[in-house]
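I have placed the structure first, in the form of structure tokens, so that the comments after it can refer back to it.
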Amino acid sequence: MLSKINLDLLDLKKNNLFRQLYETERFDGVHINRNGKRLISFSCNDYLGLSQNEQIKTAAIVAIEKYGVGSGASRFVTGNTTLYQELEEKLAKMKATDDAIVFGSGYLANIGVIPALVGKEDVIIADKLIHACMLDGAKLSGAKLIRFSHNSVDKCEELLKKHRNSFKNCLILTEHVFSMDGDVAPISELYSLAEKYNACLMTDDAHGFGILASQKAHLQMGTLSKAVGCYGGYVCASKDIIEYLRNKSRSLIYSTALPPSVLASASQSLQIIDQNIGKPCKALQNAQYFCEILGLAKAQSSIVPLILGDEQKAIVASQMLEEAGFLVSAIRPPTVPKNTARLRFTFSSLHSRENIDNIAKFIRLNFSKFSI
Ligand SMILES: *Cc1c(COP(=O)(O)O)cnc(C)c1O
Numbered sequence: 001m002l003s004k005i006n007l008d009l010l011d012l013k014k015n016n017l018f019r020q021l022y023e024t025e026r027f028d029g030v031h032i033n034r035n036g037k038r039l040i041s042f043s044c045n046d047y048l049g050l051s052q053n054e055q056i057k058t059a060a061i062v063a064i065e066k067y068g069v070g071s072g073a074s075r076f077v078t079g080n081t082t083l084y085q086e087l088e089e090k091l092a093k094m095k096a097t098d099d100a101i102v103f104g105s106g107y108l109a110n111i112g113v114i115p116a117l118v119g120k121e122d123v124i125i126a127d128k129l130i131h132a133c134m135l136d137g138a139k140l141s142g143a144k145l146i147r148f149s150h151n152s153v154d155k156c157e158e159l160l161k162k163h164r165n166s167f168k169n170c171l172i173l174t175e176h177v178f179s180m181d182g183d184v185a186p187i188s189e190l191y192s193l194a195e196k197y198n199a200c201l202m203t204d205d206a207h208g209f210g211i212l213a214s215q216k217a218h219l220q221m222g223t224l225s226k227a228v229g230c231y232g233g234y235v236c237a238s239k240d241i242i243e244y245l246r247n248k249s250r251s252l253i254y255s256t257a258l259p260p261s262v263l264a265s266a267s268q269s270l271q272i273i274d275q276n277i278g279k280p281c282k283a284l285q286n287a288q289y290f291c292e293i294l295g296l297a298k299a300q301s302s303i304v305p306l307i308l309g310d311e312q313k314a315i316v317a318s319q320m321l322e323e324a325g326f327l328v329s330a331i332r333p334p335t336v337p338k339n340t341a342r343l344r345f346t347f348s349s350l351h352s353r354e355n356i357d358n359i360a361k362f363i364r365l366n367f368s369k370f371s372i
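Residue numbers (my numbering): 1 to 372.
Pasting the structure below:
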């Protein structure tokens with residue numbers, strides 16, 4: 001065992017795939033401190049800067065004063081404060097579904113929901129690029145997993161035609177906004193396919209919620225940790241599906257309820273997001289502005305990838321940006337497919353035009369060797 005660990009670690013280092021944790025402090029939604037240096041972050045998923053919002057911070061403080069810090073037990077024992085109900089009602093309303101259920105995190109939602117819905121006699125048809133936690137949920141379920149090429153409605157239909165009838169139930173999985181590519185899935189077409197082939201469509205809206213309008217699906221899963229700026233996961237769906245998940249999701253039943261302060265802050269955050277629905281989203285506009293000045297394809301979300309291919313290139317590019325005062329993470333396999341290592345830029349509504357002009361200028365002047 002020990003020699004395997006040592007060999008694997010060496011291998012990771014040799015292949016530029018070794019991961020390290022760096023102490024990072026965030027202050028205002030744009031700036032962070034790392035290695036004693038202040039950087040402008042283009043790596044947070046706090047797209048609306050709500051993690052630093054005064055009203056939302058106050059909601060958490062008030063809840064701590066009132067209820068204490070931890071929730072004491074699973075939601076089924078003592079953890080189910082009224083704050084859950086308020087939060088779930090807001091989520092269902094914003095997603096235009098009958099009901100919603102909140103999990104400990106987005107990861108816990110995906111690994112709880114998918115195995116609750118499908119099992120050995122069933123099939124999962126999934127986009128090639130779905131997030132690791134949807135994949136983990138799919139593997140845990142024991143269902144047959146088949147993948148279609150990224151965002152291809154035709155390939156998805158081909159698989160449905162070929163395999164649907166050999167299985168009892170069928171779940172189609174995709175993301176709304178893909179976390180490492182920033183592009184948007186053809187959700188309404190996939191929903192029509194699901195209806196046509198007697199399947200269920202489940203979308204992961206971790207990166208769309210708060211940025212783009214919600215898209216109808218049989219289950220809309222998401223997280224409260226990104227644009228919402230807090231913590232927790234959720235699923236919005238019909239009354240029956242939610243009731244079923246409440247009874248069958250092991251990651252809901254066998255895990256402690258979220259701290260009341262987290263629920264209160266998420267609720268306050270949703271209220272702010274809801275009040276701004278329909279207004280132009282500055283995080284999206286910022287991403288589009290960045291693409292425009294660098295001559296990149298128009299951003300569809302607040303995420304913009306710059307694919308460099310080689311892991312070493314991505315690491316060097318990220319280090320160069322860091323030296324210039326910008327935090328942009330290098331994303332490597334297995335998070336993304338082989339030979340597609342990249343820089344992943346995320347934009348916040350709190351970035352100024354000047355912040356974006358500066359990073360774009362740096363890229364233009366220094367990245368010609370990466371043939372950008
Ligand atoms: C972040 C993320 C999750 C996990 O959500 P957490 O609340 O952070 O556990 C799930 N799916 C996608 C696509 C994500 O990007």
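Glycine is no exception: its CB is placed at the ideal position from the N, C-alpha and C atoms. The structure displayed is predicted, hence computed values, not measured ones.
For the beta strand (DSSP E) holding residue i, just list the boundary residues, first then last.
| i | result |
| --- | --- |
| F148 | 144-148 |
| C156 | Looking at the DSSP string, C156 is not in any beta strand (DSSP E); the run it does join, the alpha helix (DSSP H), is 153-163. |
| T346 | 341-346 |
| F103 | 99-103 |
| Y25 | Per the sequence shown, the amino acid found at residue 25 is Glu instead of Tyr. Per DSSP, E25 belongs to the beta strand (DSSP E) from 24-26. |
| I303 | 303-309 |
| S329 | 329-331 |
Using the beta-carbon count (16 or more within 10 Å), is residue i buried or exposed?
| i | result |
| --- | --- |
| I377 | It is not possible to answer for residue 377, since the shown part of the chain is limited to 1 through 372. |
| M180 | buried |
| S3 | exposed |
| T58 | exposed |
| A299 | buried |
| A217 | buried |
| Y107 | buried |
| V77 | exposed |
| Q275 | exposed |
| D204 | buried |
| G295 | exposed |
| E157 | buried |
| D11 | exposed |
| Q220 | buried |
| K279 | exposed |
| N33 | exposed |
| G229 | buried |
Got a sec? Which residues, its chain only, sit under 7 Å from residue i by beta carbon, not counting five neighbours each side?
| i | result |
| --- | --- |
| E189 | V153 |
| P259 | V69, G70, S71 |
| G36 | none |
| F167 | E121, D122, V123, K144 |
| M320 | N366 |
| G79 | S71, G72, A73, T256, A257 |
| R19 | none |
Kindly give me the distance between the Cβ atoms of residue i and residue j, rounded to whole angstroms, as I take these residues to be in contact under 8 Å.
| i | j | result |
| --- | --- | --- |
| S329 | I211 | No, S329 and I211 are not in contact; Cβ-Cβ is about 19 Å, not under 8 Å. |
| A257 | S368 | Actually they do not touch by this definition, with Cβ atoms about 52 Å apart. |
| S349 | Y47 | 7 Å |
| R332 | A314 | 6 Å |
| I293 | F42 | Contact doesn't hold; Cβ gap of about 14 Å is too wide. |
| N110 | G137 | 4 Å |
| H351 | N286 | 5 Å |
Who are the Cβ neighbours of residue i in its own chain at under 6 Å, not counting the five residues just before and after it?
| i | result |
| --- | --- |
| A100 | E88, L91, A92, Y234, C236 |
| K66 | none |
| S225 | Y231 |
| I242 | D99, I101 |
| F178 | L129 |
| I114 | G137, A138, S141 |
| S238 | D98 |
| L284 | I211, S302 |
If you follow the alpha helix (DSSP H) that residue i is part of, which residue opens it and which one closes it?
| i | result |
| --- | --- |
| A132 | 132-141 |
| G106 | 106-117 |
| I187 | 187-196 |
| A237 | Per DSSP, A237 belongs to no alpha helix (DSSP H); it is in the beta strand (DSSP E), 233-237. |
| A266 | 260-275 |
| R250 | 250-253 |
| A59 | 54-67 |
| A92 | 82-95 |
| R353 | 353-366 |
Note down, in chain order, each residue of its chain lying with its Cβ closer than 8 Å to the Cβ of residue i, except the 5 sequence neighbours on either side.
| i | result |
| --- | --- |
| N16 | E311, Q312, I315, R332 |
| S267 | A59, L83, E86, L87, K90 |
| A264 | A59, A60, V62, A63, L83 |
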